[in-house]
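S.K.:
In UniProt numbering, the protein residues as written are 1 to 120.
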């Protein structure tokens with residue numbers, strides 16, 4: 001694990017023949033490098049998973065029949081059964097994504113309205 005310590009993992013490594021190929025300092029250094037590398041990998045995986053979940057949720061928003069006047073409560077009631085609704089676990093995050101989407105719909109509506117005014 002990326003959050004483990006040298007002391008916790010030492011007993012697992014001492015019987016491995018490769019353990020004796022390095023000096024004590026080298027072993028600790030290699031372990032520290034491994035932990036840092038593993039931590040970065042886990043962080044990237046978590047970030048990627050979160051991004052994918054947000055993309056799925058945004059796709060649901062785009063496919064949903066909602067308008068710039070729709071509310072988050074209405075959206076939740078209507079699409080709670082959709083699997084993509086649950087990809088973003090935290091309600092707060094769902095609400096932020098919903099509000100961003102509604103904001104973009106309002107901007108689009110305003111742009112259309114302004115365009116129609118210019119045509120007159």
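A virtual CB, placed ideally from N, CA and C, is assigned to each residue, including glycine.
Predicted model, so just to flag it, every value in this text is computed and none were measured.
Tell whether a beta-carbon distance below 7 Å holds between residue 84 and residue 57.
M.R.: Result yes, Cβ atoms of residue 84 and residue 57 sit closer than 7 Å.
S.K.: What are the boundary residues of the alpha helix (DSSP H) that residue 53 is part of?
M.R.: Start and end: 24-63.
S.K.: For residue 125, tell me which candidate among 104, 31 and 97 has the shortest Cα-Cα distance.
M.R.: Because the chain is modelled from 1 through 120, residue 125 falls outside the range shown and cannot be assessed.
S.K.: Using three-state DSSP, classify residue 104 as helix, strand or coil.
M.R.: Helix, per DSSP.
S.K.: Ignore the nearest five residues each way along the sequence and tell me which others in residue 2's own chain have a CB closer than 7 Å to its CB.
M.R.: Hits under 7 Å: 35, 38, 39 and 42.
S.K.: Between residue 133 and residue 32, what straight-line distance do the alpha-carbon atoms span, to the nearest angstrom?
M.R.: Because the chain is modelled from 1 through 120, residue 133 falls outside the range shown and cannot be assessed.
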